[in-house]
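Participant: Got a structure for you, questions after.
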Amino acid sequence: MGNCAQGFKDFFCRPKNTNVRVSLPAVCFVWQIAMIILFGVFIRYNEEADTHWVEHKKSHNITSDIENDFYFRYPSFQDVHVMIFVGFGFLMTFLKRYSFGGVGFNFLIASFGVQWALLMQGWFHTLDHSTGKIYIGVESLINADFCTAGSLIAYGALLGKVSPVQLMVVTLFGVTLFAVEEYIILSLLHCRDAGGSMVIHCFGGYYGLAISWVLYRPKLHLSQRLNGSVYHSDVFAMIGTLFLWMFWPSFNSAITDHGDGQHRTAINTYLALASCVLTSVAISSMSQKTGKLDMVHIQNATLAGGVAMGTAAEFMITPYGALIVGFCMGIISTFGYLFVTPFLEKYLKIQDTCGVHNLHAVPGMLGGFIGAITAAAASESVYGKEGLISTFDFEGSFKDRTPGTQGGFQAAGTCVSIAFGLVGGALMRIPNTGFVNVSFLFNRSESNFSVEQS
Amino acid sequence: MGNCAQGFKDFFCRPKNTNVRVSLPAVCFVWQIAMIILFGVFIRYNEEADTHWVEHKKSHNITSDIENDFYFRYPSFQDVHVMIFVGFGFLMTFLKRYSFGGVGFNFLIASFGVQWALLMQGWFHTLDHSTGKIYIGVESLINADFCTAGSLIAYGALLGKVSPVQLMVVTLFGVTLFAVEEYIILSLLHCRDAGGSMVIHCFGGYYGLAISWVLYRPKLHLSQRLNGSVYHSDVFAMIGTLFLWMFWPSFNSAITDHGDGQHRTAINTYLALASCVLTSVAISSMSQKTGKLDMVHIQNATLAGGVAMGTAAEFMITPYGALIVGFCMGIISTFGYLFVTPFLEKYLKIQDTCGVHNLHAVPGMLGGFIGAITAAAASESVYGKEGLISTFDFEGSFKDRTPGTQGGFQAAGTCVSIAFGLVGGALMRIPNTGFVNVSFLFNRSESNFSVEQS
Amino acid sequence: MGNCAQGFKDFFCRPKNTNVRVSLPAVCFVWQIAMIILFGVFIRYNEEADTHWVEHKKSHNITSDIENDFYFRYPSFQDVHVMIFVGFGFLMTFLKRYSFGGVGFNFLIASFGVQWALLMQGWFHTLDHSTGKIYIGVESLINADFCTAGSLIAYGALLGKVSPVQLMVVTLFGVTLFAVEEYIILSLLHCRDAGGSMVIHCFGGYYGLAISWVLYRPKLHLSQRLNGSVYHSDVFAMIGTLFLWMFWPSFNSAITDHGDGQHRTAINTYLALASCVLTSVAISSMSQKTGKLDMVHIQNATLAGGVAMGTAAEFMITPYGALIVGFCMGIISTFGYLFVTPFLEKYLKIQDTCGVHNLHAVPGMLGGFIGAITAAAASESVYGKEGLISTFDFEGSFKDRTPGTQGGFQAAGTCVSIAFGLVGGALMRIPNTGFVNVSFLFNRSESNFSVEQS
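Protein chains in written order, with our numbering: chain A, 1 to 454; chain B, 1 to 454; chain C, 1 to 454.
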């Protein structure tokens, strides 16, 4: 970790007018070398990905290769992977002068983020203290994608305002914070949060908003005319929207329990998303004199149902419960785009380019509380004795926890994620005072995918 | 169902000049609330998605979580989901002024359609009369996507001519008709139709054509110049084409029998599609003086092989049989675009924007008959004794049915689907006399995704 | 095979000024009919896709349908399918006047290629000599997609310079060469090459370069201004890049051993790709005065890590080993785009439109050697006794082979693939002397997807 901290300090604190031609390659090279060294020291294949699987199978009485975790999770993993790179990437192509930046920088930081996430999450969650190694498998890859998603959400609030080097720093710091926050919420508080309403969306959203607040530049309105879309860039953004929307059931179910856990989570998410589309469209149409629909709402608010089901989807929230969640989220998120985003910009000086406040921060927070309520309402009559234990992992030192207590801890977990996001993002100001002087936002055609010096 | 019927009547019969700003939100809200109430009354998780799975597993001697139906069908489900939202959606982006409308309204009506389909199909197929509940799992989600596909196909014939409220009505009515028709074909006639040549494509195609006939407006030729594509909108449409084409093996195999059923269906569909591309290209090139290819044929006719294999793909049609089906369909479908679509518009006054006649109606109908012939030709020597029974479900009250009889019933099923499509679509005229007065088709730049009053 | 050889000769040797309106339909029809006849004679379902699966299961003590190979490989197959049609197709849309040609001709030749590949690979690898039949299943479909990929790679070097008929010939010849080369490398030399660094990428890359050399036309620089991209065509190309990048772990793991084999391969490929992105970006930024990134590098060099892991990914290369491979490939590939492509064009008269030299040929070759080194370094202490045997298939007549020997054979295999690519491509000159006189390259707007006479 020492190497990495070194790299971190080097580039985080460098003078503000470093030319990007030097700083970007330097960051990429040094950090990637650090990753290689750290992987060499820490990361190994787990027993399901190692050639010793043949022997492991025999010793554990596993009768068929199909019981390898790979076959339970790999299809979902690939769906999640598509969401991270095509979903988030293309959702950010809507700006007429920044399509390359949206999809390209997303590609760069996600590629770095997953590597750093494998290390950070490994140290906190799966480090084998007897060997000092982290053993990875397909579930680790999914978790790494999830962890990176937090930073990509933050990028949504910063789109067009930061240099790639700054984005790398935001990602390094974001993944680190994520791993700590996740450790507190999942391990210490023993919350359930398979789809990450709390740990991913709520954290990522507030993290991005806090950085955006730190970054505020008063002359930004001069470039306001560049903060717009053209017809084709909005169609590109629909590619992102649809791949996020379609694969969200995989996102939420990717790491839930084998069997009924994954099955139920997928159904709940599917229903919440379907319901969310109708109310988003309704509010969008009502908000305009002519009843026209606003593409911003169609591209974003329709996804809020999936965000809000990240925690509760694996519980017995019931199919109609899922529809109700989607129904409310479509309304809340669209109202957010109509009223809260302009308010944040005007009065709180927070510029939120993609509106992550309405798509991730608030629905994620509400999703955390919905999860808390659903958990608190759980009962043996609905879940069955064994079902209750396996759903909430009431085992080991948590075997005496009641659903009511669990609900309380879930709510506490949500507050932890908000705090980490806000404080973590605000802290970004301290080490890099140059941050607020970044001088390029849409100030030129980006037709060469150019990035100017920060 | 009462609530829904109420909502149905309210909006279906409302005066024709309602402003879309009122009618669209009203339809979305009222119908979505109706869905929530009906789901509350009727829909529950099935035993594979419920927390009682732990106990179910024990009582049914299931040794591993991997035998949960989720793992058999979820990857195919996600492929089907991509076809419904990205495939159908982007296929309809080709119009230069209606890309948002194509992908956006498709998104809206599919999101409503799947919910209503879960209820309608549940009532007809899986209602547990002892509890009065419908138990859903991943197969239900796939079926709901299928059911919605019928209405999306109909949208293809209406693209650019109807308001979103009318589309919602078309979907409500279409899904209802679909469930009835499917009940007659699959349950009463005991047909096999896993990929839905009959129940989805043939029905959906004729349903759309019949509505388009009802909608005919004589002045439409004045906006003819807007019924065109531009270079980039045609590239967007290729995204739709390719995702439909690639995932069609999943579409046809998603709900076939576990094991060899899914395996064989995927292979047959893959081969028919490959073959179809070559003959589509050949006819397209022959049809133009310079040998240029027409993007309309590349985008559509190449898919006809998948449509036509919807019924027969799960039978032992043999690999070369699949190639022959694709070969013929590429020719028939491309000829349809060259000669039948202009004929329909000129003489029968049916405007078919996307050419669903050539891509869905005719290949679907032929697919039904191909299925009938393949079924009639089945024999114990080819299928094996047990294979024949399991492929055609000759069990229970159908245990004495012979392949020959089955073939007859398959053919009858195809006729039922045509009848439902034509009559159902034509009936759309009765309750809504305002339908024919819809006055907007491409009459303005759609750059704001606007919808004008219907 | 006689029919096909006939069709081959007919169109391969036809006079050079044949109008494409005649030649393209003729090639499509005759070759497709040949496929149908050959499939009728040779191709049948294998026991896992046949209705006799019920009996096969009983006789082989298979307890559950989930152990059908379909469930091990179908999700990966669909990912590979997306790479072939959307990945390769959209990666070639970047030319401003040739987006239709890129995606459309890719669609055409891949559809033909997979059929011919099923036959060629069947004859060489899976022909049952007792019945004279080839039995196909999902693994055959994956292999057919792989085999076709070789020709699609070659198309990348020829993009915009050849007619569709010539592309069909290139594919027919390419698939044939591929099957022979693959037979030598995998069966005779007993190499392991699951992801095809050698057999697919190295072969395909050099095959395309050799054809491009044969095709060289001195006046090409006159159309240089058309060999460029516009903003939106570059965004379309990113769709191709990302789907290739995301699904590469599926590509490499699609046909590796069940269980740990697929699991480990996916992890290694994922890591190499992530690492490759950072170094590609670094070199790209360093290469320009202003630190701007070049979209050509982002679209292509980021994929080199996946290419280079095609052979070694299934071995115990270790996670950090995978990162190192990606690290080096990003550098090498980007340098290739900066220096080698211009050199090839200026001094060797090889025009390589998509830069397949840097993305496929060199990384594929290096991947072959990386595989050789990794294999040679294998030991029982790392792999375990049974693991070593199953990973390298040291069974039957190869049961005495040592890892060191295996490494030597792997290296030899790489040389075979280079030789086949170069010689095979250069031979394309002989039968078709008209090749070099093809007169159209971007010489008109391609807005009608037109192809002019060859």
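Note that beta-carbon positions come from the ideal geometry of N, C-alpha and C, so glycine has one too.
(1) Alpha helix (DSSP H) containing I267/A: first to last residue?
(2) Excluding the 5 residues preceding and the 5 following F369/C in the sequence, name in chain order all residues of the same chain whose CB lies nearer than 7 Å to its CB.
(3) Exposed or buried, S140/B, counting other C-beta atoms within 10 Å across all chains shown (16 or more means buried)?
(4) If contact means a Cβ-Cβ distance below 7 Å, which residues of the region 81–109 of chain C contact chain B?
(5) If you follow the alpha helix (DSSP H) that R192/A is part of, which residue opens it and which one closes it?
(6) Roughly how far, in whole angstroms, is the beta-carbon of Q351/A from the beta-carbon of L91/A, given that I think they are within contact range, below 8 Å?
(7) Short of 9 Å Cβ to Cβ, which residues in the region 16–32 of chain A face chain C?
(8) Is V230/C near the ligand GTP - that is, is its Cβ less than 7 Å away from at least one heavy atom of it?
(9) State buried or exposed for A419/A, treating a residue as buried only when at least 16 other CB atoms are found within 10 Å of its CB.
(10) Give me, in chain order, the residues of the same chain whose beta-carbon lies closer than 8 Å to that of I185/A; leave out the 5 immediate sequence neighbours on both sides.
(11) Going along the region 126–151 of chain A in order, which residues come within less than 7 Å of chain C, judged by CB to CB distance?
(12) If we ignore side chains and look at the alpha-carbon of each, how far apart do F339/C and A361/C end up?
(13) Could you pull out every residue in the same chain whose Cβ sits closer than 6 Å to the Cβ of G407/B, ignoring the five residues on either side in sequence?
(14) Looking at the C-beta of T290/B, does it have a partner C-beta in chain C at a distance below 8 Å?
(15) Within the 8 Å Cβ cut-off, does I430/A reach chain B?
(16) Give the interface partners of E47/B over in chain C, defined as CB-CB distance under 9 Å, in chain order.
(17) Grouping DSSP H, G and I as helix and E and B as strand, with all else coil, what is P431/A?
(18) Which residues of chain B have a Cβ atom closer than 8 Å to the Cβ of P508/A, listed in chain order?
(19) Per the DSSP calculation, K133/C is bridged to which residue(s)?
(20) Give the residues of chain B in contact with G386/A, contact being defined as C-beta atoms less than 7 Å apart.
(21) Between G87/B, E67/B and L119/B, which has its C-alpha nearest R44/B's C-alpha?
(22) Compare the beta carbon distance of V356/A and L209/A with 8 Å and say whether it is the shorter of the two.
(23) So is S111/C in contact with chain B if we call contact Cβ pairs under 8 Å?
(24) If the cut is a Cβ gap below 9 Å, which residues of chain B does Y337/A touch?
(25) Which residues of chain A have a Cβ atom closer than 7 Å to the Cβ of S64/B, listed in chain order?
(26) With 8 Å set as the bound, which would you pick, yes or no: does the beta-carbon of H232/A sit closer than that to a beta-carbon of chain C?
(27) Do the region 25–41 of chain B and the region 310–321 of chain A touch if we need at least three Cβ pairs shorter than 8 Å?
(28) Please confirm if the region 301–309 of chain B is in contact with the region 326–336 of chain B, defined as three or more CB-CB distances below 8 Å between the two stretches.
(29) Beta carbon of V459/B, beta carbon of F236/B: below 8 Å?
(30) So for L422/B, helix, strand or coil by DSSP?
(31) Any Cβ of chain A within less than 8 Å of the Cβ of I255/B?
(32) I want to verify the contact list: residues of chain A whose CB lies under 9 Å from the CB of Q115/B, in sequence order.
(33) Is T51/B near G404/A, with beta carbons less than 8 Å apart?
(34) Is DSSP giving L95/B helix, strand or coil here?
(35) If you follow the beta strand (DSSP E) that I43/A is in, where does it begin and where does it stop?
(36) Report the residue from M428/B, V138/B, H258/B and V423/B whose alpha carbon sits nearest the alpha carbon of A49/C.
Facilitator: This is what the structure holds:
(1) Its alpha helix (DSSP H) spans residues D260 to M286.
(2) Here F369/C has A411 and T414 as same chain residues with Cβ atoms under 7 Å from its own Cβ, once five neighbours each way along the sequence are excluded.
(3) By the 10 Å Cβ count, S140/B comes out buried.
(4) Look at the region 81–109 of chain C: the residues with a C-beta under 7 Å from a C-beta of chain B are H81, V82, F85, V86, G89, T93, S99, F100, V103, G104, F107 and L108.
(5) Segment: none, R192/A is in no alpha helix (DSSP H) and carries neither H nor E.
(6) Not confirmed; about 18 Å, so no contact.
(7) Hits within the stretch, in order: N19, V20, R21, V22, S23, L24, P25, A26, V27, C28, F29, W31 and Q32.
(8) In the structure on display, the ligand GTP does not appear, and there are no ligands present to speak of.
(9) With a 10 Å radius around the Cβ and a threshold of 16 neighbouring Cβ atoms, A419/A comes out exposed.
(10) Counting only residues of its own chain and dropping the five nearest sequence neighbours on each side, I185/A has a CB closer than 8 Å to the CB of C191, D193, M198, V199, G413, V416 and S417.
(11) If the cut-off is 7 Å between Cβ atoms, the region 126–151 of chain A has I136, G137, V138 and L141 near chain C.
(12) Note on geometry: alpha-carbon atoms of F339/C and A361/C lie some 15 Å from one another.
(13) For G407/B, same chain residues with a beta-carbon under 6 Å away, outside a window of 5 residues either side, are A372, A375 and A376 in chain order.
(14) Closer than 8 Å: yes.
(15) Any reading at I430/A needs caution, since the residue's pLDDT is 41, under 50, leaving its predicted position unreliable; the model's value is listed next. False, the Cβ-Cβ gap to chain B never drops below 8 Å.
(16) Near E47/B there are no residues of chain C at all, since even the closest Cβ is about 18 Å away, more than 9 Å.
(17) Low confidence applies to P431/A: its pLDDT is 43, below 50, so where it sits in the model is not reliable, and the reading given next is rough at best. Note: P431/A maps to coil in three-state DSSP.
(18) One cannot answer for residue 508/A here, as it falls past the ends of chain A, which runs 1 to 454.
(19) Beta-bridge annotation (DSSP): K133/C is paired with D128/C.
(20) Strictly speaking, residue 386/A in this sequence is Glu, with Gly absent from that position. When 7 Å is used as the limit between beta carbons, E386/A is near these residues of chain B: V54 and E55, in chain order.
(21) Closest option to R44/B, Cα to Cα, is L119/B.
(22) Their beta carbons are under 8 Å apart, which means V356/A touches L209/A by this criterion.
(23) Yes - at least one Cβ of chain B is within 8 Å of the one on S111/C.
(24) Per Cβ cutoff of 9 Å: no residues; Y337/A is ~14 Å from chain B at best.
(25) E67, listed in chain order.
(26) Closer than 8 Å to some Cβ of chain C, the Cβ of H232/A qualifies, so yes.
(27) The count of Cβ pairs closer than 8 Å, one atom from the region 25–41 of chain B and one from the region 310–321 of chain A, reaches three, so the stretches are in contact.
(28) Using a C-beta cut-off of 8 Å, the region 301–309 of chain B makes contact with the region 326–336 of chain B, since at least three inter-stretch Cβ pairs fall below that distance.
(29) The requested residue 459/B does not occur in the structure, where chain B is confined to residues 1 to 454.
(30) Correct three-state label for L422/B: helix.
(31) With 8 Å as the cut-off, I255/B does not count as an interface residue toward chain A.
(32) Those are L271, A274, S275, L278 and L323, listed as they occur along chain A.
(33) Contact: no.
(34) DSSP places L95/B in strand when its eight states are reduced to three.
(35) That run of the beta strand (DSSP E) goes I43 to Y45.
(36) Of the candidates M428/B, V138/B, H258/B and V423/B, the one whose C-alpha sits nearest the C-alpha of A49/C is H258/B.
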